[in-house]
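J.: So the protein lines, in turn, are chains A and B.
So the first sequence is numbered by this note's numbering: it starts at 623 and just counts up by one.
So the second sequence is numbered by this note's numbering: it starts at 623 and just counts up by one.
Sharing a structure below in structure tokens format, with a few things to ask.
2 protein chains.
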Amino acid sequence: MTRDELIESAAQVFRQKGYHGASMEDIAEVVNLRKASLYHHFSSKQEILLEILDRALQLLLEETSAIAEQDISADEKLRLMIRKYLQILAENMDLAAVLLFEYRSLERRRRARHTPSRDKFESLWRDAIAEGVKKGVFKCSDPAMAARALLGQMNWTITWYSPAGAKSISAIADDYSNLLLHGLLK
Amino acid sequence: MTRDELIESAAQVFRQKGYHGASMEDIAEVVNLRKASLYHHFSSKQEILLEILDRALQLLLEETSAIAEQDISADEKLRLMIRKYLQILAENMDLAAVLLFEYRSLERRRRARHTPSRDKFESLWRDAIAEGVKKGVFKCSDPAMAARALLGQMNWTITWYSPAGAKSISAIADDYSNLLLHGLLK
DNA sequence: AACTCCCTACCGAACGTTCGGTTGTGTTAT
DNA sequence: ATAACACAACCGAACGTTCGGTAGGGAGTT
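What follows is the structure, given as structure tokens:
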């Protein structure tokens, strides 16, 4: 039983029941172990949660920051970042859902350790938009708020998206991009 | 101690700790009662949760549907609905946060009773956008998805908004409206 | 006024259950 | 032999819920 498998299964349980609603026995059941055995791999339930959050954020940070560093037009960059973000979200729905919805279940001290990466991630989007404004391709009075609006609509996707649904992730990404860039008005 | 005060206080605790993370004693403490006394007003913890969700949704549904029925231009209607939605969210942050983030903690049967109102609420937004498309003022290939995108960014606001922050709710509503209608591109 | 009766609101104590976590002992693979 | 891994059994604490009972105020009767 690898650490990654345990993390993945725990994320699945946490996503389904919430952190406090899920017991160590619930997690153990998924991986066919007794709950005592989990303590051979992790020191506490909180450590599992932290590892899920760190891992999920790392996935998102790595791949989107690589795009953010590219030297391409601001609107094209945003399109690519949106697509990549949604892709990772869809490919790691359990991890991502826990990252987005169980953050507050992390106790103070662990949360303090995790938060800097979160801020760094948000600034990635803020900077991408601000860059477009500076270059004269975007008009936007408050890039920080536009970034949060965009992140909000993308994050919320996880509450309704299903791989079995009619729309593929890349189709959703295109819709989001067009909506964000061109708006609703004719 | 009125039922409304209890609901409000319970929402505050649920928002802070999550449904499963909050104990009946936590709630009782806020209203200066013993936990046993709560069972004079409610039959169970689940009933409290359901009542919070119903109440929050009712607030949102009543006021936004009144706007949706008005005979005004599609873009103006959307602006008003966005403003009203965010207003109610901000004025009832505890109730709203529980509605948005603790939905899944509601057990099956109670959830089944609550869900129809949710669907009705979402269709309100979908119809508002579809109406604009039909009248030729919006261009949008998938109104249902645009509605979910909009709801996503508005809902996410509750994760970062603070009444003490720099931006007022109506300023945020204007930003969201402009972004949604005109887009980011110059 | 004095009395009984009832009702709402509340509480202390305890119930059975489940929780996260520990301990000690086996089993397996190197 | 040794280290890694898994297990059964167990612990104290906390959980949601129940129960018997108390305090106090209003209504109705005498």
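We treat Cβ as the ideally placed atom computed from N, Cα and C, and that holds for glycine.
#1: What does the Cβ neighbour count give for E729 (chain A), buried or exposed, with the cut at 16 atoms within 10 Å?
#2: Tell me, which residues are paired with F760 (chain A) by DSSP?
#3: I need the straight-line Cα distance from Q680 (chain A) to L700 (chain B), nearest angstrom please.
#4: If distances are taken between C-alpha atoms only, which option among B:K808, B:A718, B:M623 and B:S687 comes closest to Y661 (chain B)?
#5: Does the structure place the stretch 721-737 of chain B close enough to the stretch 686-704 of chain B that three or more beta carbon pairs sit under 8 Å?
#6: Measure from the C-beta of G640 (chain A) to each C-beta in chain B and report whether the shortest distance is under 8 Å.
#7: Could you confirm whether any beta carbon from chain B is found closer than 8 Å to the beta carbon of T779 (chain A)?
#8: So the alpha helix (DSSP H) E685 (chain A) belongs to, where does it begin and stop?
#9: Compute the distance between the beta-carbons of I780 (chain A) and A718 (chain A), then report whether it is under 8 Å.
#10: What residues from the stretch 635-669 of chain A come within 7 Å of chain B, judged by C-beta to C-beta, listed N to C?
#11: Could you say which of A:A793, A:L803, A:A644 and A:L675 lies nearest to R597 (chain A) if we only look at CA atoms?
#12: Could you tell me whether the Cβ of I794 (chain B) comes closer than 8 Å to any Cβ of chain A?
#13: Using a Cβ cut-off of 8 Å, pull out every chain A residue sitting near D749 (chain B), in sequence order please.
#14: Looking at chain A, is there any beta carbon in it that lies within less than 8 Å of the beta carbon of D797 (chain B)?
#15: Can you tell me the Cα-Cα spacing of L683 (chain A) and K757 (chain B), whole angstroms?
#16: Just the Cα atoms here: how many angstroms apart are S727 (chain A) and S784 (chain A)?
#17: Show which residues of chain B have a CB atom less than 7 Å away from the CB atom of Q775 (chain A).
#18: Within 8 Å of any Cβ in chain B, is that where the Cβ of K742 (chain A) sits?
#19: Apart from the five residues just before and just after S817 (chain B), which ones in its own chain have a Cβ nearer than 7 Å to its Cβ?
#20: Distance cutoff 8 Å, beta carbons only. Does G787 (chain A) sit that close to anything in chain B?
#21: If you draw a straight line from the alpha carbon of S790 (chain B) to that of Y798 (chain B), how long is it in whole angstroms?
#22: Against chain B, does A633 (chain A) count as a neighbour if the rule is that its beta carbon must be under 8 Å from one of theirs?
#23: Cα separation between R705 (chain A) and I794 (chain A)?
#24: Which first and last residues belong to the alpha helix (DSSP H) in which R705 (chain A) is found?
#25: Compile a chain-ordered list of the residues in the stretch 688-702 of chain A whose CB is closer than 7 Å to at least one CB of chain B.
#26: How about C762 (chain B) and L772 (chain A): are their beta carbons less than 8 Å apart?
#27: Going along chain A, which residues have a C-beta under 7 Å from D764 (chain B)?
#28: Residues in its own chain within less than 7 Å of E810 (chain A) by CB, not counting five upstream and five downstream?
T.: Let me spell this out:
#1: exposed
#2: B:L807
#3: 37 Å
#4: B:M623
#5: no
#6: yes
#7: yes
#8: K667 to A690
#9: yes
#10: G640, H642 and G643
#11: Any property of residue 597 (chain A) remains undetermined from this structure, which presents chain A solely from 623 to 808.
#12: yes
#13: By Cβ distance, chain A contributes nothing, its closest Cβ being about 14 Å from D749 (chain B), past 8 Å.
#14: yes
#15: 42 Å
#16: 25 Å
#17: A771, G774 and Q775
#18: no
#19: Since the first residue shown for chain B is 623 and the last is 808, residue 817 (chain B) is missing from the structure and cannot be characterised.
#20: no
#21: 12 Å
#22: no
#23: 8 Å
#24: A696 to E713
#25: D697
#26: no
#27: D797
#28: No answer is possible for residue 810 (chain A): the residues shown for chain A start at 623 and end at 808.
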